[in-house]
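Colleague: If you're matching them up, the sequences are chains A and B in order. The first sequence lines up with residues 2 to 135 when you count with this note's numbering. The second sequence lines up with residues 2 to 135 when you count with this note's numbering.
Protein chains: 2
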Amino acid sequence: MNSPVEALDYVEDCSAPAMGPLGDSRYLCSVEEAARIVGQKWTLQIVNVLMDFGECRFCVLQSALGGVNPSTLSARLKKLEEEGIVAREQLSSMPPHVVYRLTDMGSHLSGVINELTSWSRTWLCAGIAEPTAS
Amino acid sequence: MNSPVEALDYVEDCSAPAMGPLGDSRYLCSVEEAARIVGQKWTLQIVNVLMDFGECRFCVLQSALGGVNPSTLSARLKKLEEEGIVAREQLSSMPPHVVYRLTDMGSHLSGVINELTSWSRTWLCAGIAEPTAS
DNA sequence: ACGAAGCGCTACATTTGTTGTAGCATGGGG
DNA sequence: CCCCATGCTACAACAAATGTAGCGCTTCGT
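(1) Return the chain-ordered list of same chain residues with a C-beta closer than 8 Å to the C-beta of Pro22/A, the five sequence neighbours on each side being excluded.
(2) Helix, strand or coil: how does DSSP classify Leu62/B here?
(3) Should Gly24/B be flagged as near chain A, meaning a C-beta pair shorter than 8 Å?
(4) Distance check for Cys60/B and Ser31/B, CA to CA, integer angstroms please.
(5) Relative to chain B, which residues along the region 41-59 of chain A have a C-beta separation below 8 Å, given in chain order?
(6) Taking CB distances under 8 Å as the criterion, tell me whether Thr73/B reaches chain A.
(7) Assign Gln91/A to one of three DSSP states: helix, strand, or coil.
(8) Quick one, which of Leu117/B, Phe54/B, Ser108/B and Leu110/B has its alpha-carbon nearest Leu110/A's?
(9) Which residues in chain A sit within 9 Å of His98/B, going by Cβ to Cβ distance?
(10) Which class does Leu125/B belong to by DSSP, given the choice of helix, strand or coil?
(11) For Val50/A, report the span of its alpha helix (DSSP H) as first-last.
(12) Are the region 43-57 of chain B and the region 48-67 of chain A touching, with three or more C-beta to C-beta distances below 8 Å?
(13) Can you check whether the CB of Leu62/B is closer than 8 Å to the CB of Leu74/B?
(14) Going by DSSP, what residues sit across from Val100/A in a beta bridge?
(15) Tell me which residues share the same chain as Trp120/A and place their Cβ nearer than 6 Å to its Cβ, disregarding the 5 neighbours each side in the sequence.
(16) Cβ of Ser111/B within 7 Å of any heavy atom in the ligand MN?
(17) Over what stretch of residues does the alpha helix (DSSP H) that includes Leu74/A continue unbroken?
(18) Could you check which residue in Trp124/A, Gly112/A, Ile47/A and Ser108/A has the C-alpha nearest to that of Gly68/A?
(19) How is Leu117/A classed by DSSP in three states: helix, strand or coil?
(20) Can you list the residues of chain A that Ser121/B reaches, using a CB-CB cut of under 7 Å?
(21) Sorted by chain position, which residues of the same chain lie with C-beta nearer than 7 Å to Leu29/A's C-beta, five sequence neighbours on each side aside?
(22) When you compare only the Cα positions, how much space is there between Asn3/B and Pro71/A?
(23) According to the neighbour-count rule (16 or more other Cβ atoms, all chains shown, within 10 Å of its Cβ), is Arg89/B buried or exposed?
(24) Cβ closer than 9 Å: which chain A residues qualify as neighbours of Glu82/B?
(25) Just the chain B side, please: which residues come within less than 8 Å of Val39/A by C-beta, in chain order?
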């Protein structure tokens, strides 16, 4: 990767938390990995919609997300499927539809979504406007 | 554009939350807004580093994040500053340094980071086994 | 005092990602 | 048979991120 040494040098002068014997930037590996997934443009929104709706068809996701372009949505869903967050299911029923839903792994992102929602309500919605008619 | 009507039709059959007369995808505004911020490539990592280190100089952030390119980091920090998540402080002390730190708003993202971390530990680090498609 | 070096960036060309619009294959309905 | 909806894919155009270079400033070594 790079040299996190300088960072750590600095850290010891600052108020860095005591980190494990790993001692390198690995300490943030967990968030880093998750951030790579979550820090993609539509990931969080997709997960959120899937969480609320339970399961979605492609076109429903598209419109629920405000008209994402199908290429992007397709790519993102494919990636999320690879990562085990979303499951794709082909219903061979009468109208042969495709349905996307969250896996266990994906469902467990609810904590993140919830935290994000409450943060948003406190800091984003609260002072600005009245988007939530609750 | 397309027609979000189908989405709502679908929604009412599924477990969608009761949404106002707005009738479109606005119902997820809170997460949507937050996702726009958090769903940027380096935002979460920056917040995480700032949260751990307390305060950081530019170059420290750069190395801690694994060598992000300075243009991107600069742009992201500027944006985060505008949004009120990060505060920039110019220290006029002996070596005139610049320090970045989280504002209250930014600090309150800790819940998100924590959830993300524990999710990551459970599903990314710990069990790289199989994603059980529920 | 002069040059080198570190810091906090900015500039610019290249690469990557996202968007808009079109279109294809499949199946259903008129 | 034609036309439409669904679930995508294709492709050009635009935007964002990257790599590399460099600037202005200041401090340090000599």
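Backbone N, C-alpha and C define an ideal beta-carbon position, used for all residues, glycine too. Since the structure is predicted, the reported quantities are computational estimates derived from the model, not experimental observations.
Modeller: According to the data block:
(1) Stepping through the first sequence from its first residue, residue 22/A is reached at position 21. Reliability fails at Pro22/A, whose pLDDT of 35 lies under 50, so the model's placement of it is uncertain and no value is given.
(2) Here residue 62/B corresponds to residue number 61 of the second sequence, with the count starting at 1. It is helical.
(3) Numbered from 1 along the second sequence, position 23 holds the residue referred to as residue 24/B. Caution applies to Gly24/B, whose pLDDT of 37 falls short of 50 and renders its modelled position unreliable; the value that the coordinates give is listed next. It does not; no Cβ of chain A falls within 8 Å.
(4) Taking the second sequence and counting its residues from 1, one reaches residue 31/B at position 30. Taking the second sequence and counting its residues from 1, one reaches residue 60/B at position 59. Cα to Cα, Ser31/B sits roughly 33 Å from Cys60/B.
(5) Gln41, Lys42, Trp43, Thr44, Leu45, Gln46, Asn49, Val50, Asp53, Phe54, Gly55, Glu56, Cys57 and Arg58
(6) Stepping through the second sequence from its first residue, residue 73/B is reached at position 72. It does not: the Cβ of Thr73/B has no partner Cβ on chain A nearer than 8 Å.
(7) Along the first sequence, one-based indexing puts residue 91/A at 90. Of the three classes helix, strand and coil, the one that applies to Gln91/A here is strand, per DSSP.
(8) By one-based count along the first sequence, residue 110/A stands at place 109. With distances taken between Cα atoms, Leu110/A lies closest to Leu117/B.
(9) In the second sequence, residue 98/B corresponds to position 97, counting from 1. What His98/B touches in chain A: nothing, since even the nearest Cβ is about 11 Å away.
(10) Locating residue 125/B in the second sequence gives position 124, counting from the first residue. The answer is helix: DSSP assigns Leu125/B an H, G or I state.
(11) In the first sequence, counting from the first residue as 1, residue 50/A sits at position 49. Val50/A -> alpha helix (DSSP H) spans Thr44 to Phe54.
(12) no
(13) Within the second sequence, residue 74/B is the residue found at index 73, counting from 1. Within the second sequence, residue 62/B is the residue found at index 61, counting from 1. Taking 8 Å as the Cβ cut-off, Leu74/B and Leu62/B qualify as a contacting pair.
(14) Counting from one through the first sequence, the residue named residue 100/A turns up at place 99. Per DSSP, Glu90/A.
(15) Counting from 1 along the first sequence, the entry for residue 120/A is found at position 119. Closer than 6 Å at the Cβ level, and outside the excluded window around Trp120/A, lies no residue.
(16) Of ligands this structure carries none, so the ligand MN is not represented either.
(17) For the purposes of this step, residue 74/A is identified with residue 73 of the first sequence, where counting begins at 1. Pro71 to Glu83 is the span of the alpha helix (DSSP H), which, as asked, contains Leu74/A.
(18) Here the question's residue 68/A lines up with position 67 in the first sequence. The option with the nearest alpha carbon to Gly68/A is Ile47/A.
(19) The sequence position of residue 117/A within the first sequence is 116, counting from 1. Note: Leu117/A maps to helix in three-state DSSP.
(20) Here the question's residue 121/B lines up with position 120 in the second sequence. Near Ser121/B (Cβ distances below 7 Å), the residues of chain A are Ser31, Val32, Glu34 and Ala35.
(21) Here the question's residue 29/A lines up with position 28 in the first sequence. Caution applies to Leu29/A, whose pLDDT of 48 falls short of 50 and renders its modelled position unreliable; the value that the coordinates give is listed next. Here the set comprises nothing.
(22) One-based indexing of the second sequence puts residue 3/B at position 2. One-based indexing of the first sequence puts residue 71/A at position 70. Annotation note: pLDDT 36 at Asn3/B (below 50); position unreliable, coordinate value reported separately. Spanning the two alpha carbons is a distance of roughly 12 Å.
(23) As a first step, residue 89/B is located in the second sequence; it is residue number 88 there, counting from the start. It is exposed - the Cβ of Arg89/B has fewer than 16 other Cβ atoms within 10 Å.
(24) Position 81 of the second sequence, counting from 1, holds the residue named residue 82/B. The contacting residues do not exist; Glu82/B stays about 15 Å from chain A at best.
(25) Taking the first sequence and counting its residues from 1, the one referred to as residue 39/A is at position 38. Val39, Gly40, Leu45 and Leu117, listed in chain order.
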